[in-house]
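Presented below is the structure to which this report refers.
Numbering (our numbering), first residue to last: 5 to 170.
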């Protein structure tokens with residue numbers, strides 16, 4: 005035995021219109037919820053990652069001072085903090101490298117200056133010893149004095165060029 009229940013056409017149409025309204029309302033609520041979710045994901049993950057990428061690109065250009073915020077999810081903030089530590093370590097290493105290069109340059113310069121000044125000083129010392137130890141004619145003495153003057157003038161030129169360099 006079956007029981008059949010018949011509804012009027014108006015009741016069926018009203019029921020379907022009610023279902024249609026519910027479907028539209030659920031769809032609109034889904035779109036709103038999706039928009040809120042997208043906004044949340046964007047502000048939590050995408051924007052902080054975009055700022056971090058901008059910081060990495062700034063570091064690539066040599067800009068160590070580009071600000072990078074620690075906002076975002078725990079993972080993004082941890083990544084940003086690690087990036088900032090890496091940036092500081094890299095900046096410290098670059099500073100130490102520049103200091104080492106500067107010291108090496110000063111060392112090479114001191115070696116060159118020492119060599120350039122030693123040669124005239126050796127000549128002055130040798131001619132002074134010749135003048136002190138030997139019986140020389142006036143012409144020989146004058147020649148040795150002239151060589152000493154030449155060596156002293158070379159030293160003076162070296163010192164003046166150093167003063168001009170500094």
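Heads up, the beta-carbon is just placed ideally off N, CA and C, and yes, glycines get one too. This structure is a prediction, so every number in the text was calculated from the model and none was measured.
Does the Cβ of residue i have 16 or more other Cβ atoms within 10 Å, making it buried, or fewer, making it exposed?
i: residue 201; result: The chain is shown only over 5 to 170; residue 201 falls outside these bounds and no answer can be derived.
i: residue 91; result: buried
i: residue 36; result: exposed
i: residue 173; result: The question about residue 173 has no answer here: the residues shown for the chain are numbered 5 through 170.
Please confirm whether residue i and residue j have their CB atoms less than 9 Å apart.
i: residue 61; j: residue 72; result: no
i: residue 145; j: residue 124; result: no
i: residue 128; j: residue 155; result: yes
i: residue 59; j: residue 84; result: yes
Among the options, which residue has its Cα nearest to the Cα of residue i?
i: residue 81; options: 158, 123, 53, 147; result: 53
i: residue 163; options: 116, 42, 18; result: 116
i: residue 49; options: 40, 25, 34, 79; result: 79
i: residue 110; options: 169, 25, 24; result: 169
Whose C-beta lies closer than 6 Å to the C-beta of residue i among residues of the same chain, with five residues either side of it excluded?
i: residue 131; result: 148, 151, 152
i: residue 64; result: none
Using C-beta distances below 7 Å, list every residue in its chain close to residue i, excluding the 5 sequence neighbours before and after it, in chain order.
i: residue 68; result: 91, 95
i: residue 40; result: none
i: residue 121; result: 159, 162
Suppose the cutoff is 8 Å on Cβ atoms and the five residues either side in sequence are ignored; what does the same chain contact list for residue i look like?
i: residue 106; result: none
i: residue 86; result: none
- Message: In chain order, what are the residue ranges of uninterrupted alpha helix (DSSP H) at least 4 long that sit wholly in the region 21-69?
- Response: Restricting attention to alpha helix (DSSP H) runs no shorter than 4 residues, the region 21-69 encloses them at 51-64, ordered along the chain.
- Please go through the region 82-126 and give each complete beta strand (DSSP E) segment of 3 or more residues, from N-terminal end onward. Counting only runs of 3 or more, we get nothing.
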